[in-house]
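Peer 1: There's a structure below that I have some questions on.
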Amino acid sequence: MIVFCKSNCTRGTIVSSKLRILFFIIVSAGLITFVISFNSNNPRAVNSEKGVSEEDVNRLIGEYIKNNPQEILDSLTQYQITKQREEEENAAKNVIDKLDELQNNPLDPVVGNPEGDVTIVEFFDYTCGYCKKIMPYIAEIIKEDPNVKVVFKEIPILGPNAIIAAKASIAVYQIAPEKYFEFHTKLMSKRITSKASVLEEATALGIDAKQVEERMESDEVINIILKSKELAESIGVRGTPAIVIGETLFPGAIDLETFRKQIAQERAKNK
Numbered sequence: 011m012i013v014f015c016k017s018n019c020t021r022g023t024i025v026s027s028k029l030r031i032l033f034f035i036i037v038s039a040g041l042i043t044f045v046i047s048f049n050s051n052n053p054r055a056v057n058s059e060k061g062v063s064e065e066d067v068n069r070l071i072g073e074y075i076k077n078n079p080q081e082i083l084d085s086l087t088q089y090q091i092t093k094q095r096e097e098e099e100n101a102a103k104n105v106i107d108k109l110d111e112l113q114n115n116p117l118d119p120v121v122g123n124p125e126g127d128v129t130i131v132e133f134f135d136y137t138c139g140y141c142k143k144i145m146p147y148i149a150e151i152i153k154e155d156p157n158v159k160v161v162f163k164e165i166p167i168l169g170p171n172a173i174i175a176a177k178a179s180i181a182v183y184q185i186a187p188e189k190y191f192e193f194h195t196k197l198m199s200k201r202i203t204s205k206a207s208v209l210e211e212a213t214a215l216g217i218d219a220k221q222v223e224e225r226m227e228s229d230e231v232i233n234i235i236l237k238s239k240e241l242a243e244s245i246g247v248r249g250t251p252a253i254v255i256g257e258t259l260f261p262g263a264i265d266l267e268t269f270r271k272q273i274a275q276e277r278a279k280n281k
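Structure (structure tokens):
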């Protein structure tokens, strides 16, 4: 199942270039009959080996747009509805197909109860504003619900500092897993400006910054990030944050009550 957020969602919508292409298709489809009719009744077109001239077509397009604006808008709206429905169906299937990879990759940082009956997976970026916004909600869920497992998947998509933070976070998890969540919380609460600023947080927690820096550049750490990005793309995630609760994908920020409600629904399904 996929639930599309209505606000605060970084997931991409149909881009303007696609809208322009779609608009052209709609107009072109509507013009077929019109152009044929024009071609058969216009002496200038009938007597020309080229048929309807470019000038004629441009004029016809202008007239069609002017005379049928609602038809064009209705077609575009229906197209968007159909595409969203297709995306929902595909994403729901892909989440189920990838559920084990989402929930049980031994290389991913895990917080909460590793044997919990409901698993939350968060795809995030340390420089993402909405990721920072939902961080307290996740912390509250971990605190109040001892039977929830939370899996963190770094997909740094917003620039070099995001990549630095993601690599450092995974390195910390490998070196001192018991301090991972505290480190994660620290990074989420600050503006990432440089590698030095990230390593300072490791040092403050008693973690060897030099060891973290060395581990950050390991093939293993880099591959974990690449795999998370591939997994995100495979289930239709196009931005951060993206939350998977049980089998349900939320491609965007959600509030605390939505977390609680979905956890309860997933728990009820498991009974």
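Remember, the numbering used here sits 10 above the position in the sequence shown when you count from 1. Built from N, CA and C at the ideal position, the CB exists for glycine as well.
Could you tell me the boundaries of the alpha helix (DSSP H) in which Ala175 lies?
Peer 2: First-last of the alpha helix (DSSP H) with Ala175: Pro170 to Ile185.
Peer 1: Are the Cβ atoms of Leu209 and Ala242 separated by less than 8 Å?
Peer 2: No, these two residues do not count as a Cβ contact at 8 Å.
Peer 1: Using only CA atoms, which one of Ile202, Tyr147, Gln88 and Lys103 lies nearest to Asp288?
Peer 2: With the chain covering 11 to 281 only, the question about residue 288 has no answer from this structure.
Peer 1: Can you round the beta-carbon distance between Ile273 and Asp107 to whole angstroms, since I take them to be within the 8 Å contact cut?
Peer 2: No, Ile273 and Asp107 are not in contact; Cβ-Cβ is about 22 Å, not under 8 Å.
Peer 1: Excluding the 5 residues preceding and the 5 following Ser204 in the sequence, name in chain order all residues of the same chain whose CB lies nearer than 8 Å to its CB.
Peer 2: Only Asn171 and Ile174 meet the Cβ criterion.
Peer 1: With distances taken Cα to Cα, identify the nearest neighbour of Ala263 among Leu197, Lys143, Asn68 and Ala219.
Peer 2: For the residues Leu197, Lys143, Asn68 and Ala219, the minimum Cα distance to Ala263 belongs to Lys143.
Peer 1: Return the first residue and the last residue of the beta strand (DSSP E) that Ile255 is part of.
Peer 2: Segment Ala252 to Ile255, the beta strand (DSSP E) holding Ile255.
Peer 1: Terminal residues of the continuous alpha helix (DSSP H) containing Glu243?
Peer 2: Where Glu243 is concerned, the enclosing alpha helix (DSSP H) stretches over Asp229 to Ser244.
Peer 1: Within its chain, find whatever has a CB closer than 7 Å to the CB of Ser244; leave out the 5 residues flanking it on each side and keep chain order.
Peer 2: Only Asn104 and Lys108 meet the Cβ criterion.
Peer 1: According to DSSP, simplified to helix, strand and coil, what is Leu117?
Peer 2: In the structure shown, Leu117 sits in coil (DSSP, three-state: anything other than H, G, I, E or B).
Peer 1: Taking Cβ positions, are Tyr183 and Pro251 nearer each other than 8 Å?
Peer 2: No, the pair does not count as a contact, with Cβ atoms beyond the cut-off.
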